[in-house]
Amino acid sequence: MNERMTSMILVAMLLAGTILSVTMAMEASDLGSQTAPNEELVIFCGAGFTGAMSEIAELYENSSNSQVRFNFDGLPALRVQIEEGAYADLLISPDQRYMDPLVDAGFIGEDTVEAFASNKVAVVLPVDNPANITTIRDLATPGTKIVMGIEELPIGDYALQVLDLMAKDPEYGPAFKEAVLANVVSLETRVTGIVSKVAMGEADAGFAFMSDVTPQMRGKIRKISIPEGYNIRGNCSAAVLSQSDNSEAAEAFIDLLISNDAQAILDEYGFISLEGWEENAALPAGDRAAAID
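Each residue of the sequence shown is one higher than the last, beginning at 395 in the numbering used here.
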């Protein structure tokens, strides 16, 4: 092969390599512009919100560049995790009062706390109701198996407040509260544990939130209402963590929570939407949570 032919081949090879490199760079550039990496929004959330918040997160992801990662657990456990340095952008709680210690310690900015719904206490029963419980008074019947939350859990605290209010009424009296507590067979650290034990027939009744009778559980459990004069209202709240590197996305999620679309989902799950607050304003709010350290 002569020298001229060799030079022509080398030039052609260099030109082909250059074209290939440019093409690959252009394709990579196009791909990067089309599939920019999504931000991740880390939300610590009370276990009782699992169904509703999972649906609301889908709305959020469909309208934003963020992916939501939840940590669902009992509020005492979530609080300890935050205090020990676990990362989260947003905290969602059954009541603002359970955020107060974190606000006081600087983990949450007080100006970011937003109430988005409320809730009430109910008594949940297995759908076949083997103990034949028809009113809350039946919870005092000897041998009735009851599950409650630990006192540090919002629903456990609220259940005790309900019993305190009933004990002050001569119609029930202190003996009623004592009889109910004597029937407690298990104290749970998550409200989902209460609902599960009732649904599986391991307990005859449990104190839970109205919203814990979710669409998925309605064929397994049912509820009886607590008379309004004794019930307790919890104001569900969300707040941005001071450590958040994604505070704008966290604030956008809070904005979504108070939107009509999210409120409709919350209503379907048994929460009291913002529109329903006025008719429930007379219910006392829980008053012992702020004292829990």
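Built from N, CA and C at the ideal position, the CB exists for glycine as well.
Paired residues, beta bridge with S487 - DSSP: Residue mapping note: residue 487 aligns to position 93 of the sequence shown, counting from 1. DSSP lists S631 as partners of S487.
Same chain, Cβ closer than 8 Å to A632, five either side skipped, listed in chain order: As a first step, residue 632 is located in the sequence shown; it is residue number 238 there, counting from the start. Cβ within range, chain order: L484, L485, I486, S487, V507, E508, F510, F647, I648 and L651.
Residues that I437 bridges to, as DSSP identifies them: Within the sequence shown, numbered from 1, the residue matching residue 437 stands at position 43. BP columns for I437 point to F464 and L484.
Per DSSP, the bridge partner or partners of A520: Reading the sequence shown from its first residue, position 126 is the one you call residue 520. For clarity, residue 520 is Pro in the given sequence; the question names Ala instead. DSSP output for P520 lists I615 as bridge partner(s).
Environment of S653 [buried if 16+ CB atoms lie within 10 Å]: The count along the sequence shown starts at 1 and reaches residue 653 at position 259. Exposed.
Nearest residue (CA-CA) to Y454, options Y492, E645 and G550: To locate residue 454, count along the sequence shown from 1; it is residue 60. Nearest of Y492, E645 and G550 to Y454, Cα basis: E645.
Rounded straight-line distance, which links the Cα of E642 to that of I540: Residue 540 sits at position 146 when you count from the first residue of the sequence shown. Residue 642 sits at position 248 when you count from the first residue of the sequence shown. C-alpha separation (whole angstroms): 43 Å.
Contact the segment 489-503 vs the segment 596-610: 3+ CB pairs below 8 Å: no
Unbroken beta strand (DSSP E) run spanning A599, endpoints: Numbered from its first residue, the sequence shown carries residue 599 at position 205. Counting along the chain, the beta strand (DSSP E) containing A599 begins and ends at A599 to F603.
CB-CB length for V589 against V518, believed under 8 Å: Working through the sequence shown from its first residue, we reach residue 589 at position 195. Working through the sequence shown from its first residue, we reach residue 518 at position 124. That pair is a contact at about 6 Å.
Euclidean distance between Cα positions of G550 and I544: To locate residue 550, count along the sequence shown from 1; it is residue 156. To locate residue 544, count along the sequence shown from 1; it is residue 150. Cα to Cα, G550 sits roughly 5 Å from I544.
Anticipated Cβ contact below 8 Å, T586 with A446, distance rounded: Counting from one through the sequence shown, the residue named residue 586 turns up at place 192. Counting from one through the sequence shown, the residue named residue 446 turns up at place 52. Not a contact, Cβ separation roughly 13 Å.
Supposed close pair A561, F570 - CB separation, criterion 8 Å: In the sequence shown, counting from the first residue as 1, residue 561 sits at position 167. In the sequence shown, counting from the first residue as 1, residue 570 sits at position 176. Yes, A561 and F570 are in contact; Cβ-Cβ is about 6 Å, under 8 Å.
L668 versus I450 - alpha carbon distance: Working through the sequence shown from its first residue, we reach residue 668 at position 274. Working through the sequence shown from its first residue, we reach residue 450 at position 56. Computed Cα separation, rounded: 16 Å.
For N513: DSSP bridge partner residues: By one-based count along the sequence shown, residue 513 stands at place 119. According to DSSP, N513 bridges with G628.
Check whether I615 and P520 have beta carbons under 8 Å apart: The residue you call residue 615 lines up with position 221 of the sequence shown. The residue you call residue 520 lines up with position 126 of the sequence shown. For I615 and P520, yes; Cβs fall inside 8 Å.
Contact set for A694: own chain, Cβ-Cβ below 6 Å, skip 5 residues either direction: One cannot answer for residue 694 here, as it falls past the ends of the chain, which runs 395 to 687.
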